[in-house]
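K.L.:
In our numbering, the protein residues as written are 9 to 197.
In this text, a Cβ means the ideal position worked out from N, Cα and C, and glycines have one as well.
1. Return the CA-CA distance between residue 95 and residue 133, expressed in angstroms with no decimal places.
2. What does residue 79 pair with, by DSSP beta-bridge criteria?
3. Answer yes or no: do residue 46 and residue 121 have a C-beta to C-beta separation smaller than 8 Å?
4. With contact counted as at least three CB pairs below 8 Å, one residue from each stretch, are the segment 54-61 and the segment 33-41 in contact?
5. Taking the beta carbon of residue 78 as the centre, do at least 16 other beta carbons fall within 10 Å, making it buried, or is it exposed?
6. For residue 92, collect the residues of the same chain with a Cβ closer than 8 Å to its Cβ; drop the 5 residues on either side in sequence, then sort them by chain order.
7. Starting from the N-terminal side, write out each stretch of the beta strand (DSSP E) that is 3 residues or longer and does not extend beyond the segment 89-166.
8. Straight-line CA distance for residue 131 to residue 36?
9. Would you kindly check if the distance between the Cβ of residue 107 and the Cβ of residue 151 is under 8 Å?
10. Ignore the nearest five residues each way along the sequence and tell me which others in residue 80's own chain have a CB closer than 8 Å to its CB.
11. Any chance the segment 169-177 sits against the segment 21-30, with 3 or more Cβ pairs inside 8 Å?
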């Protein structure tokens with residue numbers, strides 16, 4: 009079993025620019041059976057109501073997706089926070105590309121991670137690379153620099169995932185959409 013390797017390909021304060029880059033990467037991907045997972049760590053009082061208003065109907069069966077809210081133990085809370093507003097993790101799963109604009113709106117100023125699990129990346133014959141159907145993901149971390157949203161920042165970061173030992177595929181994919189790898193890769197999923 010192996011993990012993907014996530015490469016940042018864009019840091020920007022412009023969420024529309026990040027979404028455009030994401031759209032261009034998804035155009036290259038094989039989107040059979042694509043699904044979106046969105047995660048956010050928010051205050052129970054300050055952030056959770058936004059998610060419940062927008063996606064609370066997903067907590068029951070039969071909705072277009074699934075939503076779960078998980079309390080954090082006090083030991084797991086790593087970011088400074090107001091004790092009157094304990095942090096919770098919100099997880100959303102939806103088949104297809106998902107309601108991206110709504111997720112961006114709901115996330116607001118909070119860090120959130122949106123990850124599309126794609127079928128795979130195409131072959132790159134000029135680099136001697138066959139198709140990659142195991143490690144294909146495209147991610148957007150809102151209001152953070154890192155893959156997991158643990159480093160809050162005033163930027164949004166787009167990631168693409170490949171096999172760990174295929175940085176040339178990451179460069180090739182980024183180049184196809186006018187981007188380049190802008191930082192070191194990190195273990196993905």
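P.N.:
Once the coordinates are examined:
1. 47 Å
2. 96
3. yes
4. no
5. exposed
6. 53
7. 95-103, 120-125 and 145-150
8. 11 Å
9. no
10. 49, 94, 95, 96 and 97
11. no
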